[in-house]
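Each remark here refers to the structure printed beneath this line.
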Ligand SMILES: Cc1cc2nc3c(=O)[nH]c(=O)nc-3n(C[C@H](O)[C@H](O)[C@H](O)COP(=O)(O)OP(=O)(O)OC[C@H]3O[C@@H](n4cnc5c(N)ncnc54)[C@H](O)[C@@H]3O)c2cc1C
């Protein structure tokens, strides 16, 4: 490998979102010479639009391990990273009466617990007693994950980028790049001319390795380099309502919608449009139907502000009648893959040495997994540059996320990432 034996390996990371920034930071902390390229500002794309729900409540073994490591790092960053805070908050998974997914929840919770996650099946009445701000009389079953919390996603990106710069990372914002070929000098990266997609005649630099963490642009960026990956972007939506809410984070699985406390009130989201969206030309404003759906979910899921009735009990049956017409609302992109798992690892290994790596395809869970994934990518890239066999026992790469499981031509349906039916299937 070019420099690895004598000098620090040179690595370009493309993408200044949560995944790229964490990867760049962790590479530099392990001694690499890192340049981070971001075509806009930090957190310009999905990481700047994310809702910031963080949890480890996963039933699959690899997902649970990634979730656990991420929460562990978020908690550590809360103590050590200026500008970042993690707000611990339980995460409730609620399934309504009549929803066939309810039957699968006990087994799903057992599997989460088997992986060491602090998740408990709860009776809806007990849930209501613990969290009086929730309406629970229409639920069939619920689970509570204690290892959860929320944050402001762009603050994570900016704070970690600042620390990465302190570790020696060259942070190049407003710098779009294209991928070039592998040459004797290394893997080429071409800085694009400002404001255009043209890379001819622009500055070219060669690196020992390039990591593509370009979110919704990952597919087109890699396609330019002749690499095909099945990562398709789709729109999701969120809003902030000025409701006084201090309850848990909730995923209403039947409505396929979530909510969490927010400094301005309450954040609610999903509004998935399960069709491909063009990352350069999608509607960034929320749709009216999403506002109406979200208002319906809040009406149905939140107990009316506890006001004792004649019997001295809060009235949980009456609807509040949320009006979200004026709520701050937005849309952003998530990325889907054929099996719902991300692509994390080398994409050019069959040519010999691995020099081009990808980290994308989060199915709506990329922000909360960034601390663990960035760490794996940093360790994996350095191990690959040092000649560690990809499939050997010492490889840090996660087999289940190996991009080589696809040839890139797969056609598939986009499935909403949080839905229980996609998460309750047996391993
Ligand atoms: C409304 C909404 C709510 C969400 N809520 C959550 C949540 O609660 N929890 C969660 O875990 N996830 C959530 N997500 C998903 C989450 O936002 C993404 O999974 C995550 O941010 C992906 O991070 P990333 O770094 O891979 O991509 P991004 O943040 O999209 O970063 C990629 C970066 O690459 C840059 N780039 C692209 N092409 C180039 C190029 N040629 N040269 C240089 N730079 C380039 C882009 O400008 C961009 O900044 C949500 C998403 C949305 C839209």
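Residue numbers (the working numbering): 12 to 438.
Think of the CB as a built atom: it goes at the ideal place given N, C-alpha and C, for glycine as much as any other residue.
Just so we're clear, the structure is a prediction, and the values are computed from it rather than from any experiment.
### Query
Comparing alpha-carbon positions, which option in 360, 359, 156, 354 lies nearest residue 371?
The residue given as residue 371 occupies position 360 in the chain shown. It is 354 whose Cα lies nearest to the Cα of residue 371.
### Query
residue 228 by DSSP, collapsed to three states: which one?
Here residue 228 is taken as the residue at index 217 of the chain shown, counted from 1. Three-state result, residue 228: helix.
### Message
As a quick exercise: from 408, 346, 265, 19, pick the residue whose alpha carbon is nearest that of residue 111.
### Response
Reading the chain shown from its first residue, position 100 is the one you call residue 111. Of 408, 346, 265, 19, the residue nearest in Cα terms is 265.
### Query
Relative to ligand 1, is the shortest distance from any of its heavy atoms to the C-beta of residue 193 smaller than 8 Å?
Counted from its first residue, the chain shown places residue 193 at position 182. Residue 193 Cβ: outside cutoff for every heavy atom of ligand 1.
### Simplified DSSP state of residue 422, which is helix, strand or coil
Locating residue 422 in the chain shown gives position 411, counting from the first residue. Three-state DSSP puts residue 422 in coil, outside helix and strand.
### Message
Let me check understanding here. Comparing Cα to Cα, which of 101, 40, 411 lies closest to residue 67?
### Response
The residue you call residue 67 lines up with position 56 of the chain shown. Comparing Cα positions, the closest option is 101.
#### Entry: Helix, strand or coil at residue 34 [DSSP, three-state]
In the chain shown, the residue the question calls residue 34 occupies position 23. The answer is helix: DSSP assigns residue 34 an H, G or I state.
### Message
Any heavy atom of ligand 1 inside 8 Å of the beta-carbon of residue 111?
### Response
Numbered from its first residue, the chain shown carries residue 111 at position 100. Answer for residue 111: no, Cβ out of range of ligand 1.
### Query
Does any heavy atom of ligand 1 sit closer than 8 Å to the C-beta of residue 376?
Along the chain shown, read from residue 1 onward, the residue named residue 376 stands at position 365. Result yes, Cβ under 8 Å from ligand 1.
### Query
What are the start and end residues of each continuous alpha helix (DSSP H) run of 4 or more residues lying completely inside the region 52–121, in chain order?
72–91
### Query
Do residue 340 and residue 245 come within 9 Å of each other at the CB atom, strictly closer than that value?
Indexing the chain shown from 1 puts residue 245 at position 234. Indexing the chain shown from 1 puts residue 340 at position 329. No, the pair does not count as a contact, with Cβ atoms beyond the cut-off.
### Task
Flag residue 379 as yes when its Cβ comes closer than 8 Å to any non-hydrogen atom of ligand 1, and as no otherwise.
Position 368 of the chain shown holds residue 379. Indeed, a heavy atom of ligand 1 lies less than 8 Å from the Cβ.
### Task
Tell me whether the beta-carbon of residue 34 lies closer than 9 Å to the beta-carbon of residue 389.
Counting from 1 along the chain shown, the entry for residue 34 is found at position 23. Counting from 1 along the chain shown, the entry for residue 389 is found at position 378. For residue 34 and residue 389, yes; Cβs fall inside 9 Å.
### Query
So what's residue 176 in DSSP terms, helix, strand or just coil?
The residue given as residue 176 occupies position 165 in the chain shown. Note: residue 176 maps to helix in three-state DSSP.
### Task
Hey, could you find the ends of the beta strand (DSSP E) residue 260 is sitting in?
Locating residue 260 in the chain shown gives position 249, where the first residue counts as 1. Looking at the DSSP string, the run of the beta strand (DSSP E) that includes residue 260 is 260–263.
#### Entry: Same chain only: Cβ atoms within 7 Å of residue 227, ignoring 5 sequence neighbours per side
Translated into positions along the chain shown, residue 227 becomes position 216. The beta carbon of residue 227 sits closer than 7 Å to the beta carbons of 56, 57, 244, 290, 344, 346 from its chain, once the five residues preceding and following it are set aside; these are given in chain order.
### Query
Going by the CB atoms, is the gap between residue 248 and residue 306 shorter than 9 Å?
One-based indexing of the chain shown puts residue 306 at position 295. One-based indexing of the chain shown puts residue 248 at position 237. The Cβ atoms of residue 306 and residue 248 lie no closer than 9 Å to each other.
### Message
Ignoring anything shorter than 3 residues, give me the beta strand (DSSP E) runs that lie fully in the region 215–300, in order along the chain.
### Response
Listed in chain order, the complete beta strand (DSSP E) runs (minimum 3 residues) inside the region 215–300 are 215–218, 220–223, 243–252, 260–263, 268–273, 276–287.
### residue 278 vs residue 367 beta-carbon contact at 9 Å
To locate residue 278, count along the chain shown from 1; it is residue 267. To locate residue 367, count along the chain shown from 1; it is residue 356. At a Cβ-Cβ threshold of 9 Å, residue 278 and residue 367 do not count as neighbours.
### Query
Excluding the five sequence neighbours on either side, which residues of its own chain have a C-beta within less than 6 Å of the C-beta of residue 254, listed in chain order?
What you label residue 254 is simply residue 243 of the chain shown in a count that begins at 1. The residues are 276, 277.
### Task
Taking residue 117 and residue 132 to be in contact with their CB atoms under 8 Å, please state how far apart those CB atoms are, rounded to whole angstroms.
Walking along the chain shown from the start, residue 117 turns up at place 106. Walking along the chain shown from the start, residue 132 turns up at place 121. Indeed they touch by this definition, with Cβ atoms about 6 Å apart.
### Query
If you check the beta carbons only, do residue 392 and residue 22 fall under 9 Å apart?
Within the chain shown, the letter at position 381 stands for residue 392. Within the chain shown, the letter at position 11 stands for residue 22. Yes, the pair counts as a contact, with Cβ atoms nearer than the cut-off.
### Task
Report yes if the CB atom of residue 425 is closer than 9 Å to the CB atom of residue 241, and no otherwise.
On the chain shown, position 414 is the one that residue 425 refers to. On the chain shown, position 230 is the one that residue 241 refers to. In this structure, residue 425 keeps its C-beta atom at 9 Å or more from the C-beta atom of residue 241.
### Query
Could you give the residue range of the alpha helix (DSSP H) that holds residue 141?
Taking the chain shown and counting its residues from 1, the one referred to as residue 141 is at position 130. Run containing residue 141: 135–141, per the alpha helix (DSSP H) assignment.
### Inter-residue Cα distance where the pair is residue 186 and residue 202
The count along the chain shown starts at 1 and reaches residue 186 at position 175. The count along the chain shown starts at 1 and reaches residue 202 at position 191. If you take the alpha carbons of residue 186 and residue 202, they lie about 7 Å apart.
### Query
Do you know how far the Cα of residue 137 is from the Cα of residue 323?
Taking the first residue of the chain shown as position 1, residue 323 is located at position 312. Taking the first residue of the chain shown as position 1, residue 137 is located at position 126. Confidence in residue 323 is poor, its pLDDT being 46 and thus under 50, which makes the residue's placement unreliable; the coordinate value appears in the next sentence. Each residue's Cα considered, the two are about 18 Å apart.
### Task
Would you tell me roughly how many angstroms separate the C-alpha atoms of residue 430 and residue 283, rounded to the nearest one?
Here residue 430 is taken as the residue at index 419 of the chain shown, counted from 1. Here residue 283 is taken as the residue at index 272 of the chain shown, counted from 1. Spanning the two alpha carbons is a distance of roughly 11 Å.
### Task
Report the option in 252, 262, 230, 256 whose CA atom is closest to the CA atom of residue 288.
For this step, residue 288 is matched to residue 277 along the chain shown. Ranking 252, 262, 230, 256 by Cα distance to residue 288 puts 230 first.
### Query
Secondary structure at residue 370, three-state DSSP: helix, strand or coil?
Translated into the one-based positions of the chain shown, residue 370 becomes position 359. Strand at residue 370.
#### Entry: Exposed unless 16 or more other CB atoms sit within 10 angstroms - verdict on residue 45
Taking the chain shown and counting its residues from 1, one reaches residue 45 at position 34. Residue 45 comes out buried.
### Message
Could you check if residue 80 belongs to the surroundings of ligand 1, using beta carbon to heavy atom distance under 8 Å?
### Response
Within the chain shown, residue 80 is the residue found at index 69, counting from 1. Answer for residue 80: no, Cβ out of range of ligand 1.
### Query
Which two residues bound the contiguous alpha helix (DSSP H) that contains residue 384?
The residue you call residue 384 lines up with position 373 of the chain shown. Taken as a continuous stretch (DSSP letters only), the alpha helix (DSSP H) holding residue 384 covers 377–396.
### Close-in-space but distant-in-sequence residues of the same chain around residue 352 (CB under 7 Å, 5 per side omitted)
Stepping through the chain shown from its first residue, residue 352 is reached at position 341. Around residue 352: 411, 412.
### Query
Within 8 Å: the Cβ of residue 36 and any heavy atom of ligand 1?
Here residue 36 refers to the residue found at position 25 when the chain shown is read from its first residue. Because no heavy atom of ligand 1 lies under 8 Å away, the Cβ of residue 36 does not count as near it: no.
### Message
At a cut-off of 8 Å, would you count residue 259 as near ligand 1, judging by its Cβ distance to the nearest heavy atom?
### Response
Locating residue 259 in the chain shown gives position 248, where the first residue counts as 1. No, the Cβ of residue 259 stays beyond 8 Å of every heavy atom of ligand 1.
### Query
What separation, rounded to the nearest whole angstrom, lies between the Cα atoms of residue 296 and residue 63?
Taking the chain shown and counting its residues from 1, the one referred to as residue 296 is at position 285. Taking the chain shown and counting its residues from 1, the one referred to as residue 63 is at position 52. The straight-line gap from Cα to Cα measures roughly 19 Å.
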